[in-house]
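**Q** Below is one structure. I have some questions about it.
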Amino acid sequence: MANLKNEITILGSGTSTGIPMLGCQCSVCQSQEVKNRRLRTSILIKTKKDMHILIDTSVDLRTQFLNNNITRVDMAFITHDHADHCHGIDDLRPLCFGPPATSIPIFTHQQCAKSLALKFPYIFKAHELFNKERPPLGGGIPKLTLHTVDISSKIKYLGEEFEFLLLEHGYTKTLGIIHENFAYIIDCHEISDAQIDRLREKELDLLIIDCVTDQEHKTHLSRDKAFGYIERISPKKAGLIHMNHNLEHEKLLQDAQDHFSFPVFPVFDTQHITY
Numbered sequence: 001m002a003n004l005k006n007e008i009t010i011l012g013s014g015t016s017t018g019i020p021m022l023g024c025q026c027s028v029c030q031s032q033e034v035k036n037r038r039l040r041t042s043i044l045i046k047t048k049k050d051m052h053i054l055i056d057t058s059v060d061l062r063t064q065f066l067n068n069n070i071t072r073v074d075m076a077f078i079t080h081d082h083a084d085h086c087h088g089i090d091d092l093r094p095l096c097f098g099p100p101a102t103s104i105p106i107f108t109h110q111q112c113a114k115s116l117a118l119k120f121p122y123i124f125k126a127h128e129l130f131n132k133e134r135p136p137l138g139g140g141i142p143k144l145t146l147h148t149v150d151i152s153s154k155i156k157y158l159g160e161e162f163e164f165l166l167l168e169h170g171y172t173k174t175l176g177i178i179h180e181n182f183a184y185i186i187d188c189h190e191i192s193d194a195q196i197d198r199l200r201e202k203e204l205d206l207l208i209i210d211c212v213t214d215q216e217h218k219t220h221l222s223r224d225k226a227f228g229y230i231e232r233i234s235p236k237k238a239g240l241i242h243m244n245h246n247l248e249h250e251k252l253l254q255d256a257q258d259h260f261s262f263p264v265f266p267v268f269d270t271q272h273i274t275y
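Below is the structure:
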């Protein structure tokens, strides 16, 4: 039976260090509030057609899957090649074992695909490393297939349709993802006017957007910058993600409630959001 809505599980909501950050004695890192404890950013979408779509294989992926009882992934996107977003990719390996044994497709943009093949040659260049005379030994290789998306085109896979944006993130690019009336915009320091117009025209039910700190940042959106983009995109509701330890959950929630007349909130690990 089809679900009435798509459901997102927030697997992780934190920046690259995670919260608490090792060795930090600040009030957020020492907080006992569970919503201030943030694993590295990643989400899972369970669609109305019961497809399980992972966005990013964070370095905390195994823990995130255990915390949320996730035992299946039908496809995955990698937004970019920074360690906190892709270095948990080997944790997909047990989900390929079966029975029946299965292969998980990984979708990303061209620059990131090249980088992933270099970072994980045992997965994506196995044909160059192994042969009959030199077979793989040990625990096996994740059965993953790497696919490059055309940023200017839609793709349809497993009955689900996706559109993309290519976002500026320091010296690299990040894949923005649109599924139905949901947009996922993380790890960027700006969104172009054309991209804002495109997102606004979507009349989004849900926007999840980068919000790393309360200060200016060279590669991420600050709270004020994220608030400005949310105002311009004008979704029905918006979640803030990828927060560092400068952003305490309840304080950020209050700031958002004071600023907006529609629901805007910091997401938290294990949270479920529908669209």
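Each residue of the sequence shown is one higher than the one before, starting from 1 at the first, in UniProt numbering. No residue lacks a Cβ here, since even glycine has one placed at the ideal position from N, Cα and C. Please read these numbers as outputs of a predicted model, since none were measured by experiment.
(1) Measuring straight from C-alpha to C-alpha, what distance separates phenylalanine 265 and arginine 93?
(2) Go to glycine 12, then tell me how far its alpha helix (DSSP H) extends in each direction, as first and last residue.
(3) At 4 residues or longer, and completely inside the region 201 to 239: list those alpha helix (DSSP H) runs for me, N to C.
(4) Compute the beta-carbon to beta-carbon distance between threonine 174 and isoleucine 186, rounded to the nearest angstrom, for a pair I have assumed lies under 8 Å.
(5) Under a three-way DSSP split, which group does isoleucine 151 fall into?
(6) May I ask you to report which of helix, strand or coil DSSP gives phenylalanine 130?
(7) How is the beta strand (DSSP E) around tyrosine 184 delimited, first residue to last?
(8) Using beta carbons (cut-off 7 Å, strictly below), is arginine 232 in contact with chain B?
(9) Could you tell me which uninterrupted alpha helix (DSSP H) segments, each at least 4 residues in length, are contained entirely in the region 58 to 136, listed from first to last along the chain?
(10) With respect to the beta strand (DSSP E) encompassing arginine 48, which residues constitute its N-terminal and C-terminal limits?
(11) Report yes if the C-beta distance between isoleucine 208 and alanine 226 is below 7 Å; otherwise report no.
(12) Taking the alpha-carbon of serine 152 as reference, which of Lys143, Val267, Asn36, Phe162 has the nearest alpha-carbon?
(13) Would you report the Cα separation of threonine 274 and valine 28, rounded to the nearest angstrom?
(14) Could you tell me the distance, in whole angstroms, from the CA atom of arginine 40 to the CA atom of methionine 243?
(15) Measuring alpha carbon to alpha carbon, tell me which residue in Tyr122, Leu144, Ile233 is nearest glycine 138.
(16) Across which residues does DSSP place proline 266 in a beta bridge pair?
(17) Spatial neighbours of proline 142 within its chain, please: CB distance less than 8 Å, with the 5 preceding and 5 following residues excluded, ordered by chain position.
(18) For the alpha helix (DSSP H) that phenylalanine 253 lies in, which residues bound it at each end?
(19) Taking three-plus beta-carbon pairs below 8 Å as touching, is the region 243 to 258 in contact with the region 32 to 51?
(20) Going along the chain, which residues of its own chain have a beta-carbon closer than 8 Å to the beta-carbon of arginine 200, five neighbours each way excluded?
(21) By DSSP, does lysine 35 sit in helix, in strand, or in coil?
(22) How close, in whole Å, do the beta carbons of lysine 218 and glycine 170 come, if the pair is a contact with beta carbons under 8 Å?
(23) Verify whether the separation of the beta carbon atoms of isoleucine 177 and serine 13 is less than 7 Å.
(24) Excluding five sequence neighbours on each side, which residues of the same chain lie with their C-beta closer than 6 Å to the C-beta of aspartate 258?
(25) Start and end of the beta strand (DSSP E) containing glycine 170?
(26) Could you compute how far the alpha carbon of threonine 148 sits from the alpha carbon of lysine 202?
**A** So, from the listed chains and residues:
(1) Here the question's residue 265 lines up with position 265 in the sequence shown. Here the question's residue 93 lines up with position 93 in the sequence shown. Taking the straight line from one Cα to the other gives about 34 Å.
(2) The sequence position of residue 12 within the sequence shown is 12, counting from 1. For glycine 12, no alpha helix (DSSP H) encloses it; the enclosing beta strand (DSSP E) starts and ends at 7 to 12.
(3) Runs of the alpha helix (DSSP H) inside the region 201 to 239: 223 to 233.
(4) Stepping through the sequence shown from its first residue, residue 174 is reached at position 174. Stepping through the sequence shown from its first residue, residue 186 is reached at position 186. Separation of the CB atoms of threonine 174 and isoleucine 186 is rounded to 7 Å, and the pair is thereby assigned contact status at 8 Å.
(5) Here residue 151 corresponds to residue number 151 of the sequence shown, with the count starting at 1. In the three-state reduction of the DSSP assignment, isoleucine 151 falls in the coil class, being assigned neither a helical nor a strand state.
(6) In the sequence shown, residue 130 corresponds to position 130, counting from 1. Judged by DSSP in its simplified three-state form, phenylalanine 130 adopts coil rather than helix or strand.
(7) One-based indexing of the sequence shown puts residue 184 at position 184. Bounds of the beta strand (DSSP E) holding tyrosine 184 are 182 to 185.
(8) In summary, chain B is missing from the structure at hand, where a single protein chain is found.
(9) The region 58 to 136 contains these whole alpha helix (DSSP H) runs: 61 to 67, 83 to 86, 93 to 97, 110 to 119, 121 to 124, 126 to 129.
(10) Residue numbering aside, residue 48 sits at position 48 when the sequence shown is read from its first letter. For the sequence presented, residue 48 should be read as lysine rather than arginine. Per DSSP, lysine 48 lies in no beta strand (DSSP E) segment and is marked neither H nor E.
(11) In the sequence shown, counting from the first residue as 1, residue 208 sits at position 208. In the sequence shown, counting from the first residue as 1, residue 226 sits at position 226. Not closer than 7 Å, so no.
(12) As a position in the sequence shown, residue 152 is number 152, starting the count at 1. Minimum Cα distance to serine 152 is reached at Phe162.
(13) Within the sequence shown, numbered from 1, the residue matching residue 274 stands at position 274. Within the sequence shown, numbered from 1, the residue matching residue 28 stands at position 28. Between threonine 274 and valine 28, the alpha-carbon positions lie close to 28 Å from each other.
(14) Counting from 1 along the sequence shown, the entry for residue 40 is found at position 40. Counting from 1 along the sequence shown, the entry for residue 243 is found at position 243. Distance between the alpha carbons of arginine 40 and methionine 243: 9 Å.
(15) Position 138 of the sequence shown, counted from the first residue, corresponds to residue 138. Here the closest residue by C-alpha is Tyr122.
(16) For this step, residue 266 is matched to residue 266 along the sequence shown. In the DSSP output, where bridge partners are listed per residue, proline 266 has Leu240.
(17) Mapped onto the sequence shown, residue 142 falls at position 142. Answer for proline 142: Ile89, Asp90, Leu92, Arg93, Cys96, Ile104, Ile123, listed in chain order.
(18) Position 253 of the sequence shown, counted from the start, is the residue given in the question as residue 253. Checking the displayed sequence, the identity of residue 253 turns out to be leucine instead of phenylalanine. Per DSSP, leucine 253 belongs to the alpha helix (DSSP H) from 249 to 259.
(19) Using a Cβ-Cβ distance cut-off of 8 Å, the region 243 to 258 and the region 32 to 51 are in contact, since at least three pairs of beta carbons, one from each stretch, lie closer than that value.
(20) Sequence index remark: in the sequence shown, residue 200 carries index 200 (1-based). Apart from sequence neighbours up to five positions away, the residues of its chain that approach arginine 200 with a beta-carbon distance below 8 Å are Arg232, Ile233, Ser234, ordered along the chain.
(21) As a working note, residue 35 is residue 35 in the sequence shown. The DSSP-derived three-state label of lysine 35 is helix.
(22) Counting from 1 along the sequence shown, the entry for residue 218 is found at position 218. Counting from 1 along the sequence shown, the entry for residue 170 is found at position 170. Taking a contact as a CB-CB distance under 8 Å, the pair lysine 218 and glycine 170 counts as one, their CB atoms being some 7 Å apart.
(23) Your numbering for residue 177 matches position 177 in the sequence shown. Your numbering for residue 13 matches position 13 in the sequence shown. Serine 13 is positioned such that its CB atom lies no closer than 7 Å to that of isoleucine 177.
(24) Walking along the sequence shown from the start, residue 258 turns up at place 258. Hits under 6 Å: none found.
(25) The residue you call residue 170 lines up with position 170 of the sequence shown. Neither: glycine 170 is in no beta strand (DSSP E) and is coded neither H nor E.
(26) Stepping through the sequence shown from its first residue, residue 148 is reached at position 148. Stepping through the sequence shown from its first residue, residue 202 is reached at position 202. Cα-Cα distance, rounded: 24 Å.
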